[in-house]
Amino acid sequence: MGSTMETIRTDVAILGAGGAGLRAAIALAENAPGLRIALISKVYPMRSHTCAAEGGAAGVIKPGDSLEQHFDDTVSGGDWLCDQDAVEAFVDEAPGELLQLEHWGCPWSREPDGSVAVRPFGGMKRERTWYAADKSGFHILHTLFQTSLKHASIRRFDEYFATDLLVDDGRCQGLTAIEMRTGQLKLFQAPAVIIATGGAGRMFRFNTNGAIKTGDGMAMAYRAGVPLKDMEFVQYHPTGLPSTGILLTEGCRGEGGIMLNRHGRRYLQDYGMGPETPVGRPVLKTMELGPRDRLSQAFWHEQKKGNTVETPWGDCVLLDMRHLGEKLIDERLPFVRELATSYLGKDPVTDLVPVRPTVHYMMGGIHTDIAAATPLPGLFAAGECACVSINGANRLGSNSLTDLLVFGRRAALSALDYVRAAPRVANEATLAALAKAAQTRMRLLFEKTGGTESIAGLRAKMMDIMEEQAGIYRTGDGLEKARAALNELRRRHAGIELNDKTNVYNTEWLQCLELKSLLDCAEAVVAAALARRESRGAHQRLDYTERDDRNYLKHSLAHHHPTDAPRIGTLDVVITRSQPGVRDYSGAHR
Amino acid sequence: MSERRIELEVLRYSPERDREPRFQSYTVPCLDEWVVLDALNHVKDHLDTTLSYRWSCHMAVCGSCGMMVNGEPTLACKAFVRDYPDRIRVEPLANFPIERDLVTVMDDFMEKLARVKPWLIPGEDKTLGSGEHRQTPAELKRFKQYTMCINCMLCYSACPEYGLVPEFLGPAAIALAHRYNLDSRDGGRAERQEIIARDEAVWQCSFVGACSEVCPKHVDPAGALQQVKLASTVDWYREHLLPWVKK
Chain A
0 MGSTMETIRT DVAILGAGGA GLRAAIALAE NAPGLRIALI SKVYPMRSHT
50 CAAEGGAAGV IKPGDSLEQH FDDTVSGGDW LCDQDAVEAF VDEAPGELLQ
100 LEHWGCPWSR EPDGSVAVRP FGGMKRERTW YAADKSGFHI LHTLFQTSLK
150 HASIRRFDEY FATDLLVDDG RCQGLTAIEM RTGQLKLFQA PAVIIATGGA
200 GRMFRFNTNG AIKTGDGMAM AYRAGVPLKD MEFVQYHPTG LPSTGILLTE
250 GCRGEGGIML NRHGRRYLQD YGMGPETPVG RPVLKTMELG PRDRLSQAFW
300 HEQKKGNTVE TPWGDCVLLD MRHLGEKLID ERLPFVRELA TSYLGKDPVT
350 DLVPVRPTVH YMMGGIHTDI AAATPLPGLF AAGECACVSI NGANRLGSNS
400 LTDLLVFGRR AALSALDYVR AAPRVANEAT LAALAKAAQT RMRLLFEKTG
450 GTESIAGLRA KMMDIMEEQA GIYRTGDGLE KARAALNELR RRHAGIELND
500 KTNVYNTEWL QCLELKSLLD CAEAVVAAAL ARRESRGAHQ RLDYTERDDR
550 NYLKHSLAHH HPTDAPRIGT LDVVITRSQP GVRDYSGAHR
Chain B
0 MSERRIELEV LRYSPERDRE PRFQSYTVPC LDEWVVLDAL NHVKDHLDTT
50 LSYRWSCHMA VCGSCGMMVN GEPTLACKAF VRDYPDRIRV EPLANFPIER
100 DLVTVMDDFM EKLARVKPWL IPGEDKTLGS GEHRQTPAEL KRFKQYTMCI
150 NCMLCYSACP EYGLVPEFLG PAAIALAHRY NLDSRDGGRA ERQEIIARDE
200 AVWQCSFVGA CSEVCPKHVD PAGALQQVKL ASTVDWYREH LLPWVKK
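Top to bottom, those sequences are chains A and B. Residues 0 to 589 (numbering that gives the first Met the number 0) make up the first sequence, in order. Residues 0 to 246 (numbering that gives the first Met the number 0) make up the second sequence, in order.
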């Protein structure tokens with residue numbers, strides 16, 4: 000770490016180069032030739048976790064479907080905690096975004112007549128999920144990345160690890176980031192910053208997330224005073240592989256796969272999602288095509304009843320795809336077959352595949368409005384790290400890939416308006432002083448001696464606490480325990496001493512910072528979960544089992560405090576045309 | 000779940016501390032279903048926190064964890080320990096400069112990828128308002144295989160030509176150019192072909208096929224390369240012998 004710091008001046012800095020960050024970058028390049036765009040990411044763009052999304056992206060395109068139905072499915076799927084004006088904008092812009100990707104070369108799967116194919120997905124009343132076999136996120140990411148290469152104004156900073164937002168004069172004016180190949184801290188001076196860093200699923204033991212999903216962007220915004228919204232809503236995906244947490248897409252069930260308990264019973268019918276539907280002929284919005292929160296909760300009950308199957312990696316239920324046949328599986332779910340066969344030794348063509356719920360997605364995130372703007376002027380956010388909210392208390396499968404396109408673009412256009420609205424003179428001396436302070440904190444971390452804590456040890460404790468106390472079902476007592484334990488871990492985090500004091504690609508240093516981000520995000524999850532004394536969507540309290548619209552039809556906002564517990568505020572939900580009702584996933588809704 | 004102890008020999012190199020790369024050995028208790036990446040993570044978490052390597056998805060789709068495992072370019076998250084002897088040697092991908100430990104410098108590929116214009120150059124003016132391009136499953140199938148490249152760099156590491164001639168555009172970049180050339184929506188083949196045909200090393204590729212053998216996604220870059228060469232040759236003959244035939 001040198002003593003003079005390089006300053007990189009840009010017009011918009013985008014943090015994160017996954018789906019949302021790339022979409023934002025392209026929108027800026029297309030709409031504002033000459034604008035200086037810095038695309039900053041701790042990994043090369045194609046390593047971003049968008050690549051792991053499998054099933055597809057929702058957008059109304061087929062006859063018989065309508066924006067109203069996509070709206071209704073999304074709002075009821077979110078247990079009425081979605082902001083309905085945002086959902087209206089989302090469903091309205093979704094088809095155009097997916098079509099735009101088609102024009103950029105995305106290899107969407109096709110119908111025999113050459114039109115784009117759609118598949119059924121959980122909680123959706125119509126087939127509206129565009130897919131590219133079972134690698135939809137991968138193809139979206141690579142299409143966006145490759146398209147971004149044609150824009151010379153997008154300057155990439157690959158493998159730069161962001162540490163702090165720079166806030167002066169009440170505005171976000173840039174950030175600091177570590178150039179990983181040298182270990183040097185750089186100052187990015189930018190009148191507008193867009194955060195698109197994805198989720199924070201690595202705070203849980205069992206998760207589908209890549210190692211990079213450590214909530215860095217959420218935590219940076221949180222520490223800079225921007226509230227995190229609805230963090231208590233954590234999505235468990237019902238079909239993860241037990242050994243690794245690797246995701247098997249909801250498309251497995253969309254194509255006709257069924258869920259069985261140890262007795263071979265399609266147990267979902269016992270949890271309000273019946274009656275049973277014919278095997279191999281999935282019926283929309285019921286049984287296996289119910290929403291993720293309900294399916295994951297059903298697993299928990301089956302486990303309590305002793306109806307699950309024991310495996311070396313814990314209790315599981317069984318995903319049966321055998322009746323789909325080899326041809327269909329190879330055509331529509333080839334990756335699923337490869338994953339289950341390699342990592343579990345189970346071939347879905349011939350074997351039942353043991354699966355269990357694993358943490359998949361954060362509905363909550365950086366508080367933004369419908370324009371992807373945060374309350375902090377100059378700061379915008381999009382994708383999983385943000386909470387608009389279109390997902391409410393439970394996201395429907397295939398809404399998130401579309402979300403990062405729609406709101407990635409919105410964030411770009413909002414940032415552009417903001418940058419163009421008025422020239423804002425930066426006080427460079429102040430920014431340099433802020434960056435210097437960040438650098439000093441880093442140096443202190445390097446100079447620390449006599450530490451006794453291990454990163455891996457603290458991380459394992461955090462994961463266990465979150466899994467046990469903040470999982471599918473929660474109680475006040477358990478959450479209090481989690482809160483105390485997290486406080487203890489945060490205190491102990493300060494006792495970490497780095498063994499590696501070198502500068503080049505020092506992953507011990509980065510893991511130490513990532514763990515701090517996860518602990519900050521986990522604190523917000525637990526505090527918000529404690530404050531919400533009701534059960535709604537993915538947030539289920541055994542001590543408050545009912546949804547309580549009188550008191551809790553509200554977003555929660557967690558405000559960071561450097562030394563004290565976060566303050567939890569609330570914000571009214573925007574309701575335009577759908578009053579809270581009953582989420583009906585029984586066959587009766589048809 | 001049975002446990003097996005393996006010796007993991009890992010190449011270490013810190014430009015600040017080491018004059019040249021060295022090997023460090025770790026004894027790792029492995030579970031039966033572990034991949035080499037799990038063994039590395041065990042080292043990082045419990046034995047030596049200073050070890051650096053890239054990884055993320057642990058499901059062979061992000062392309063981060065390419066490395067040499069017992070001399071073969073492999074994704075560490077797909078290399079099952081049970082398929083290896085008790086001594087496993089892990090090194091950074093061959094043919095790339097080492098940045099630190101198992102981390103290689105990727106600048107060369109990133110520059111080359113952009114150079115082959117791996118984006119759709121529309122064959123016709125078509126507005127979003129006119130809806131999607133029609134593309135039949137058969138047309139999709141023509142190029143689908145080449146879209147599966149995860150940029151993991153195993154093919155560059157396996158390629159004898161790239162080892163000899165660093166200017167070579169290389170298997171993945173050419174396969175991705177070919178992917179767009181074959182897309183029924185694209186009209187940019189001539190532009191890309193010009194760039195590829197100018198690369199003299201393309202003509203040196205001896206169709207060893209090592210790139211296709213190591214590809215974890217069955218992209219078959221060797222096949223793409225031969226097709227590109229063939230197409231270039233046809234172009235040349237058309238231009239020089241049959242100039243009246245429209246391209």
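Every residue, glycine too, gets a C-beta built ideally from N, C-alpha and C. Note that this is a predicted model, so its numbers are computed, not measured.
- Around the C-beta of B:K125, fewer than 16 other C-beta atoms lie within 10 Å, and the residue is accordingly described as exposed.
- Under the three-pair Cβ rule at 8 Å, the segment 8-15 of chain B counts as touching the segment 86-103 of chain B.
- Spanning the alpha carbons of A:A431 and A:N260 requires a straight line of approximately 60 Å.
- The beta carbon of A:I328 sits closer than 7 Å to those of M320, R336, P347 and V348, all from its chain and outside the five residues before and after it, given in chain order.
- By the Cβ criterion, the segment 147-164 of chain A is in contact with the segment 32-47 of chain A, since at least three pairs of Cβ atoms, one from each stretch, lie closer than 8 Å.
- In the assembly as shown, B:A172 is a buried residue. Its beta-carbon has 16 or more other beta-carbons within 10 Å.
- Burial is judged here by how many other beta carbons sit within 10 angstroms of a residue's own beta carbon; B:F22 has fewer than 16 and is exposed.
- DSSP, read as helix, strand or coil, puts A:A189 in coil.
- Interface with chain A (9 Å Cβ-Cβ cutoff): B:D198 is excluded.
- A residue is called buried when at least 16 other Cβ atoms come within 10 angstroms of its Cβ; A:N206 meets this threshold and is buried.
- Within 10 angstroms of the beta-carbon of A:A564 lie fewer than 16 other beta-carbons, which makes it exposed.
- With respect to chain A, the C-beta atom of B:D182 has a partner C-beta closer than 9 Å.
- Counting along the chain, B:L30 sits inside no alpha helix (DSSP H); it lies in the beta strand (DSSP E) bounded by residues R21 to L30.
- Of all alpha-carbon atoms in A:G279, A:M286, A:G253 and A:G256, the one lying nearest the alpha-carbon of A:Y266 is that of A:M286.
- Residue-level contact by beta carbon fails for B:S156 and chain A, as no gap is shorter than 9 Å.
- For B:C76 and A:A23, the gap between their C-alpha atoms comes out near 31 Å.
- Contact between B:N94 and B:Y155 holds, with the beta-carbon distance rounding to 6 Å and staying under 8 Å.
- Judged by beta-carbon spacing, A:I153 lies within the 9 Å limit of A:A28, meaning their Cβ atoms are closer than that value.
- Inside the segment 468-519 of chain A, DSSP marks whole alpha helix (DSSP H) runs of 4 or more residues at positions 475-492, from first to last along the chain.
- Straight through space, the alpha carbons of A:V86 and A:G113 are spaced by roughly 30 Å.
- Within the same chain, and ignoring the five residues on either side of A:C105 in sequence, the residues whose Cβ sits closer than 7 Å to its Cβ are A131, H138, I139 and T142.
- Going by DSSP, B:V89 is part of the beta strand (DSSP E) stretching over R86 to E90.
- Looking at A:H559, A:A557 and A:E533, the one whose alpha-carbon comes closest to that of A:N550 is A:E533.
- DSSP assignment within the segment 114-192 of chain B yields the following whole alpha helix (DSSP H) runs of 4 residues or more, N-terminal first: 136-143, 153-157, 159-163 and 170-180.
- A:K134 counts as buried, since at least 16 other C-beta atoms from the protein chains shown sit within 10 angstroms of its C-beta.
- Membership of A:H554 in any alpha helix (DSSP H) is not indicated; the residue belongs instead to the beta strand (DSSP E) covering K553 to H558.
- Inclusion of A:V572 and A:V233 in the CB contact set at 9 Å is not warranted, their separation being larger than that value.
- The Cβ atoms of A:T146 and B:L119 sit closer than 9 Å to each other.
- DSSP links A:H538 through a beta bridge to A:R535.
- A straight line joining the alpha-carbon of B:G122 with that of B:V227 spans about 19 Å.
- Contact with chain B is found for A:H48, since one of that chain's Cβ atoms lies less than 9 Å from the residue's Cβ.
- Burial is judged here by how many other beta carbons sit within 10 angstroms of a residue's own beta carbon; B:L7 has at least 16 and is buried.
- Using a Cβ-Cβ cut-off of 7 Å, B:D44 is close to A455 of chain A, given in chain order.
- Using a Cβ-Cβ cut-off of 7 Å, A:R109 is close to Q134, T135, P136 and L139 of chain B, given in chain order.
- Using a Cβ distance threshold of 9 Å, A:G54 and A:T307 do not count as a contacting pair.
- Here the C-alpha atom of A:C511 lies approximately 11 Å from the C-alpha atom of A:L518.
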